[in-house]
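S.K.: Before we start, here is the structure in question, set down as C-alpha cells.
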Amino acid sequence: MTSRERLLTVIRGEIPDCVPVAPDFSNMIPARLTGMPFWDLYLYRKKPIWEAYIECAKRFDIDSVMDGYFPLSFPEQTAGGPPWETFIVQRNEERIVTQRSYLDGKRRVWAANVTVYYVADPPTWSVVPGKIGLPAEPTVWEPLEGICEVDTGPEGFKRVKALMGDQGLVGTWLASSCALGSPEAILNYMDHPELHETWAEQRVRAVDKRFELIQRMEDRPDFLTVGGSGTLVFQSPSIFRQLALPAVKHAIELATAAGYPTQIHSCGPETELVKIMAEETDLTIIDPLEIPPMGDCNLAELKRKYGHKLVLKGNLHTTEVMLRGTTDDVRRASIQAMRDGAQGGRFILSTGDQCGRDTPDDNLRVMVETARTLGVYDANGNLPRLPTA
1239 MTSRERLLTV
1249 IRGEIPDCVP
1259 VAPDFSNMIP
1269 ARLTGMPFWD
1279 LYLYRKKPIW
1289 EAYIECAKRF
1299 DIDSVMDGYF
1309 PLSFPEQTAG
1319 GPPWETFIVQ
1329 RNEERIVTQR
1339 SYLDGKRRVW
1349 AANVTVYYVA
1359 DPPTWSVVPG
1369 KIGLPAEPTV
1379 WEPLEGICEV
1389 DTGPEGFKRV
1399 KALMGDQGLV
1409 GTWLASSCAL
1419 GSPEAILNYM
1429 DHPELHETWA
1439 EQRVRAVDKR
1449 FELIQRMEDR
1459 PDFLTVGGSG
1469 TLVFQSPSIF
1479 RQLALPAVKH
1489 AIELATAAGY
1499 PTQIHSCGPE
1509 TELVKIMAEE
1519 TDLTIIDPLE
1529 IPPMGDCNLA
1539 ELKRKYGHKL
1549 VLKGNLHTTE
1559 VMLRGTTDDV
1569 RRASIQAMRD
1579 GAQGGRFILS
1589 TGDQCGRDTP
1599 DDNLRVMVET
1609 ARTLGVYDAN
1619 GNLPRLPTA
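Numbering (my numbering), first residue to last: 1239 to 1627.
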C-alpha cells in the first residue's frame, strides 16, 4: 500500500498491510533540515514550514497525517477589521520580535502582544512585551520587508495536497477543543459568567460558517481537525464541556455526515478527553496519548476500552525515547506501543507530541523501519512478526 492507502484503510476500520507510522515532527525537525534560520520559514516564508514538513515526511517515508500545519484561510473570514501592519520592534542575532499596529486617524494603535521569531527554534506567539523587556508601545520600530507571498487560500491548499501526493493525508481545522488557552483567558472566564453561554454559541456558529466555506472548495481536505494543544491544561473537563464541546460535537456531526474523518490532537492529559470523544461523539482519530509526566495516558488501557471506536495514534516519549534514547530504545518502545495498541487495527504508531529539534535522524528511521518490518498484519488483524513480551 501507499501511505495514503494505508491511512485510509485504518480510518475505515479495516486492516492495512502494516501498522502506519507517523512520528510527530510538524515543525522543529523540518526546519532544522532546511539549514535555514527558523525565522526564514516562519516569518519571511522563504520556504513555508508546511513545505519543509512535506519534504521531511518524504525523506523519512512516514505515513503523514498533516493535521492543520497549512493555515487554510478564506477571504470571507479575514475581511474587515482594522488595517493591521506588522513591524519589527527588536532584532538581534538570536531573535526578531514583531508587533502589529494600525493608524486610527493620526494615532497609532499597537497590539497588546508581540511575536518572537528565533534563529533556531519555532516562534512564540502572543507574548506580553514586558515579559521580554520591551515596552507595551515601542518607541522605535522598522518596517517588515522581504516577506514572500504565499497563497494560504483554497488554491494554496490544492497545491499542498499535490505536494503531499501519496505520502499521506492533508487536513484542516474546523473547530477547536480549546476555548481557554492562557492564564488571561481563565481570568476572563471567571470574571464573566454571564457570557459563557454566548461564547459557546458563538463557537458553534463559527463552525457552521467555516464548514460552508470548506464545502465550496474544489479540492477538499482529507480530514477535519477539531482539537487543540493542551485541551485539559487550561480547561477542566467541566469547562471543556461547557465552552468547547458543543462546537466540537457539532463539527464532528457535520463532518461525519459529509464523509470527512475527524481528528483531535491534544497534548498533555488526555484520558478523560478520549473517554468523552469515544462515548459521546463519532470522532475518528485521537492523539498523541502522552504518558506521564507530560500526559496521563495508558495506551493498552485506552486500546482495551476504546480501540473498537477510535483510531488511536501515539505514543513514544519524545524526550526520553526519541531525543535522548538509542536506536535500540526506539525499537523497543515502538514494539511495545504496537503490542499495546495495534492488534486488530485502528492504530497509528506515533510519538507523544512533537519530536524535539535535535532528535537523531536514525531514531526516526528506526521507528519507521520497525513498523514496516515487525508491524505487518495478517488477514485477521494480528501481528505475527511482532516479538512477544
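Ideal placement from N, C-alpha and C gives every residue a C-beta, glycine not left out.
Between the Cα of residue 1334 and those of 1250, 1372, 1416, spot the shortest distance and give me the residue it belongs to.
M.R.: Against the sequence shown, residue 1334 aligns to sequence position 96. It is 1372 whose Cα lies nearest to the Cα of residue 1334.
S.K.: Residue range of the beta strand (DSSP E) that residue 1551 falls in?
M.R.: To locate residue 1551, count along the sequence shown from 1; it is residue 313. Residues 1549-1554.
S.K.: Between residue 1427 and residue 1505, what straight-line distance do the alpha-carbon atoms span, to the nearest angstrom?
M.R.: Sequence index remark: in the sequence shown, residue 1427 carries index 189 (1-based). Sequence index remark: in the sequence shown, residue 1505 carries index 267 (1-based). Using only the alpha carbons, I get a separation of about 22 Å.
S.K.: For residue 1500, which residues in the same chain have their Cβ closer than 6 Å to its Cβ, ignoring the five residues on either side in sequence?
M.R.: Position 262 of the sequence shown, counting from 1, holds the residue named residue 1500. 1462, 1464, 1490, 1493, 1521, 1522.
S.K.: DSSP on residue 1535, reduced to helix/strand/coil?
M.R.: Against the sequence shown, residue 1535 aligns to sequence position 297. Residue 1535 falls in the coil class under three-state DSSP.
S.K.: Tell me, to the nearest whole angstrom, how far the beta carbon of residue 1538 is from that of residue 1572; I am working on the premise that it is less than 8 Å.
M.R.: Locating residue 1538 in the sequence shown gives position 300, counting from the first residue. Locating residue 1572 in the sequence shown gives position 334, counting from the first residue. Actually they do not touch by this definition, with Cβ atoms about 15 Å apart.
S.K.: How do the region 1313-1333 and the region 1408-1420 stand: do at least 3 beta-carbon pairs fall below 8 Å, yes or no?
M.R.: no
S.K.: With a CB to CB cut of under 7 Å and the five nearest residues on each side skipped, what residues in its chain are close to residue 1469?
M.R.: By 1-based counting over the sequence shown, the position of residue 1469 is 231. Taken in chain order, the residues that qualify are 1415, 1416, 1478, 1504, 1511.
S.K.: Going by DSSP, name the residue or residues bridged to residue 1409.
M.R.: Counting from 1 along the sequence shown, the entry for residue 1409 is found at position 171. DSSP output for residue 1409 lists 1305, 1461 as bridge partner(s).
S.K.: Tell me the rounded alpha-carbon separation between residue 1361 and residue 1336.
M.R.: Numbered from its first residue, the sequence shown carries residue 1361 at position 123. Numbered from its first residue, the sequence shown carries residue 1336 at position 98. The alpha-carbon atoms of residue 1361 and residue 1336 are separated by roughly 11 Å.
S.K.: On the CB-based measure, 16 or more other CB atoms within 10 Å of its CB, does residue 1306 come out buried or exposed?
M.R.: Taking the sequence shown and counting its residues from 1, one reaches residue 1306 at position 68. Flag for residue 1306 reads buried.
S.K.: Write down every uninterrupted run of the beta strand (DSSP E) in the region 1308-1395 whose length is 3 residues or greater and which is fully enclosed by it, in chain order.
M.R.: Counting whole runs of 3 or more residues, the region 1308-1395 contains the beta strand (DSSP E) stretches 1323-1329, 1333-1342, 1345-1348, 1352-1356, 1362-1365.
S.K.: Check the DSSP bridge columns for residue 1503 and list the partner residues they point to.
M.R.: By 1-based counting over the sequence shown, the position of residue 1503 is 265. 1525.
S.K.: Determine the burial state of residue 1384: buried for a count of at least 16 other Cβ atoms within 10 Å of its Cβ, exposed for fewer.
M.R.: Here the question's residue 1384 lines up with position 146 in the sequence shown. With fewer than 16 other Cβ atoms within 10 Å, it is exposed.
S.K.: Hey, residue 1548 and residue 1586: beta-carbon distance below 7 Å or not?
M.R.: Counting from one through the sequence shown, the residue named residue 1548 turns up at place 310. Counting from one through the sequence shown, the residue named residue 1586 turns up at place 348. For residue 1548 and residue 1586, no; Cβs fall outside 7 Å.
S.K.: Residues bridged to residue 1585 by DSSP?
M.R.: Your numbering for residue 1585 matches position 347 in the sequence shown. Beta-bridge pairing links residue 1585 to 1550.
S.K.: Quick one: is residue 1386 buried, meaning 16 or more other Cβ sit within 10 Å of its Cβ, or exposed?
M.R.: Residue numbering aside, residue 1386 sits at position 148 when the sequence shown is read from its first letter. Counting Cβ neighbours within 10 Å, residue 1386 comes out exposed, since fewer than 16 surround it.
S.K.: Is any non-hydrogen atom of the ligand MG found closer than 6 Å to the C-beta of residue 1482, if you look at the structure I gave you?
M.R.: Ligands in the displayed structure: none, and consequently the ligand MG is not present.
S.K.: Can you give the Cα-Cα distance for residue 1401 and residue 1394, rounded to whole angstroms?
M.R.: Taking the sequence shown and counting its residues from 1, the one referred to as residue 1401 is at position 163. Taking the sequence shown and counting its residues from 1, the one referred to as residue 1394 is at position 156. Cα-Cα distance, rounded: 11 Å.
S.K.: Give the C-beta separation of residue 1407 and residue 1304 to the nearest angstrom, bearing in mind that I take them to be a contact with Cβ-Cβ under 8 Å.
M.R.: Walking along the sequence shown from the start, residue 1407 turns up at place 169. Walking along the sequence shown from the start, residue 1304 turns up at place 66. Contact between residue 1407 and residue 1304 is confirmed by a C-beta separation of about 7 Å, below the 8 Å threshold.
S.K.: Give me the residue from 1350, 1580, 1354, 1607 with the minimum Cα distance to residue 1278.
M.R.: The count along the sequence shown starts at 1 and reaches residue 1278 at position 40. Minimum Cα distance to residue 1278 is reached at 1354.
S.K.: When DSSP labels each residue in this structure, what does residue 1416 get in the three-state scheme?
M.R.: Along the sequence shown, one-based indexing puts residue 1416 at 178. In this structure, residue 1416 counts as coil in the three-state DSSP scheme.
S.K.: Given 8 Å as the limit, is there contact between the region 1253-1273 and the region 1287-1294, that is, 3 or more CB pairs closer than that?
M.R.: yes
S.K.: Along the chain, where does the alpha helix (DSSP H) containing residue 1579 start, and where does it finish?
M.R.: If you number the sequence shown from 1, residue 1579 lands on position 341. Residues 1565-1579.
S.K.: For residue 1324, which residues in the same chain have their Cβ closer than 6 Å to its Cβ, ignoring the five residues on either side in sequence?
M.R.: As a working mapping, residue 1324 is identified with position 86 in the sequence shown. Within the same chain, residue 1324 has close Cβ partners 1336, 1338, 1382.
S.K.: Report the CB separation of residue 1263 from residue 1593 in whole angstroms; it is logged as a contact under 8 Å.
M.R.: Here residue 1263 is taken as the residue at index 25 of the sequence shown, counted from 1. Here residue 1593 is taken as the residue at index 355 of the sequence shown, counted from 1. Going by Cβ atoms, the distance from residue 1263 to residue 1593 rounds to 5 Å, so yes, they are a contact pair.
S.K.: Which stretch, first to last residue, makes up the alpha helix (DSSP H) that contains residue 1453?
M.R.: The residue you call residue 1453 lines up with position 215 of the sequence shown. Run containing residue 1453: 1434-1453, per the alpha helix (DSSP H) assignment.
S.K.: In terms of residues, what are the limits of the alpha helix (DSSP H) holding residue 1241?
M.R.: The sequence position of residue 1241 within the sequence shown is 3, counting from 1. Unbroken alpha helix (DSSP H) run through residue 1241: 1241-1249.
S.K.: Should residue 1341 go down as buried or exposed, given a rule of 16 or more other Cβ atoms within 10 Å for buried?
M.R.: Locating residue 1341 in the sequence shown gives position 103, counting from the first residue. It counts as exposed.
S.K.: Let me confirm a value: residue 1345 is counted as buried when at least 16 other C-beta atoms fall within 10 Å, else exposed. Which label applies?
M.R.: Against the sequence shown, residue 1345 aligns to sequence position 107. Classification of residue 1345: exposed, given that the 10 Å Cβ count is below 16.
S.K.: Going by DSSP in three states, residue 1259 sits in which element: helix, strand or coil?
M.R.: In the sequence shown, counting from the first residue as 1, residue 1259 sits at position 21. When secondary structure is reduced to three states using DSSP, residue 1259 falls in the strand class.
S.K.: Name the one or two DSSP bridge partners that residue 1614 has.
M.R.: Against the sequence shown, residue 1614 aligns to sequence position 376. Its beta-bridge partners are 1256.
S.K.: DSSP state of residue 1403, grouped into three classes?
M.R.: Along the sequence shown, one-based indexing puts residue 1403 at 165. Reduced to three states, the DSSP call for residue 1403 is helix.
S.K.: Find the nearest neighbour of residue 1403 within the set 1601, 1620, 1542, 1292, judged by alpha-carbon distance.
M.R.: Within the sequence shown, the letter at position 165 stands for residue 1403. Checked all of 1601, 1620, 1542, 1292; the closest Cα to residue 1403 is 1292.
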